[in-house]
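Working notes, beginning with the structure itself.
Protein chains in written order, with our numbering: chain A, 230 to 345; chain B, 3 to 116.
Here it is in structure tokens:
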């Protein structure tokens, strides 16, 4: 079983809806990530939080709003999405740097989002 | 900037045989880590193996080994004794030592034939 838990596993929403994706880890990691993945494509980085502060925003549209309430939780708030935003959204966590460890990212199973 | 190149969109291998998945990279960072992930059709990204840029020996994890050639900037994944359950998408990825950004290659779809 994955140690990063994402909910919901599937989400269908209209373009006017507001919804949230949630992610939780209890490995003591202080870096958390959101990736977006389209079918048969590699994951694309959206946001990185380091020590609960947003450290990387890959020019993501403002209709995606990340939030890191504490070191174990990561949310992605969704509002006024477009059909092309339909994708698998992956959450991950890791040690903050590779120094002294392998620093691999641990991924959740993803939330599959469909925007109608 | 970091760049990962996987030139094999798809590969076939016979069950019980070995297969090599290619990965080349480019980076200006002096210290970095290279990773391979497996993604089955279920969608979960599974970490397979890690190689640090200063590691003297090639990494091995069970049936997985990483053929690291630093001068050629390549980090190929070797899977020995392929199993049907190895059929999946495989991604090579890179992360700078003090960075939080994991950059993925385009991936290689591996199909194991019985």
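Every residue gets a Cβ at the ideal spot worked out from N, C-alpha and C, and that includes glycine.
Note that this is a predicted model, so its numbers are computed, not measured.
Buried or exposed: residue 102 of chain B, going by 16 or more other Cβ atoms within 10 Å of its Cβ? buried
Ordered along the chain, which non-local residues of its own chain (more than five positions away) have a Cβ less than 6 Å from that of residue 111 of chain B? 12 and 91
Rounded to the nearest angstrom, what separates residue 299 of chain A and residue 271 of chain A at their Cα positions? 28 Å
Spatially closest choice to residue 17 of chain B from B:99, B:100, B:93 and B:82, by CA coordinates: B:82
Just to confirm, is the Cβ distance from residue 94 of chain B to residue 8 of chain B under 8 Å? yes
Short-range partners of chain B found in the region 316-336 of chain A, where Cβ spacing is below 8 Å: 317, 319, 321, 323, 325, 326, 327, 328, 331, 332, 333, 334, 335 and 336
Taking just the CA atoms, how far does residue 21 of chain B sit from residue 69 of chain B? 12 Å
Residues bridged to residue 53 of chain B (per DSSP): B:36
State the Cα-Cα distance for the pair residue 98 of chain B and residue 325 of chain A, rounded to the nearest angstrom. 11 Å
Taking the alpha-carbon positions, what's the residue 37 of chain B to residue 105 of chain B distance? 10 Å
Whole beta strand (DSSP E) elements within the region 254-341 of chain A, 3-residue minimum: 260-266, 273-279, 282-286, 293-299, 302-308 and 316-323
Starting from the beta carbon of residue 294 of chain A, find every residue of chain B whose beta carbon is closer than 8 Å, and list them in chain order. The premise fails here: residue 294 of chain A is roughly 19 Å from chain B at the closest Cβ pair, so nothing lies under 8 Å.
Within 10 angstroms of the Cβ of residue 84 of chain B, are there 16 or more other Cβ atoms? Answer buried if so, exposed if not. buried
Buried or exposed, going by whether 16 or more other CB atoms sit within 10 Å of the CB of residue 256 of chain A? exposed
Alpha-carbon to alpha-carbon, residue 55 of chain B and residue 341 of chain A: 35 Å
What is the residue span of the beta strand (DSSP E) that residue 22 of chain B lies within? 21-23
Helix, strand or coil for residue 243 of chain A, going by three-state DSSP, please let me know. coil
Taking 8 Å as the CB-CB cut-off, is residue 66 of chain B touching chain A? no
How is residue 142 of chain B classed by DSSP in three states: helix, strand or coil? Outside the modelled stretch of chain B, which goes from 3 to 116, sits residue 142 of chain B, for which no answer is possible.
Whose C-alpha, out of A:290, A:287 and A:344, is nearest the C-alpha of residue 311 of chain A? A:344
Kindly list the residues whose CB is nearer than 7 Å to the CB of residue 19 of chain B, restricted to its own chain and excluding five residues on each side of it in sequence; keep chain order. 84
N- and C-terminal bounds of the beta strand (DSSP E) containing residue 98 of chain B: 90-98
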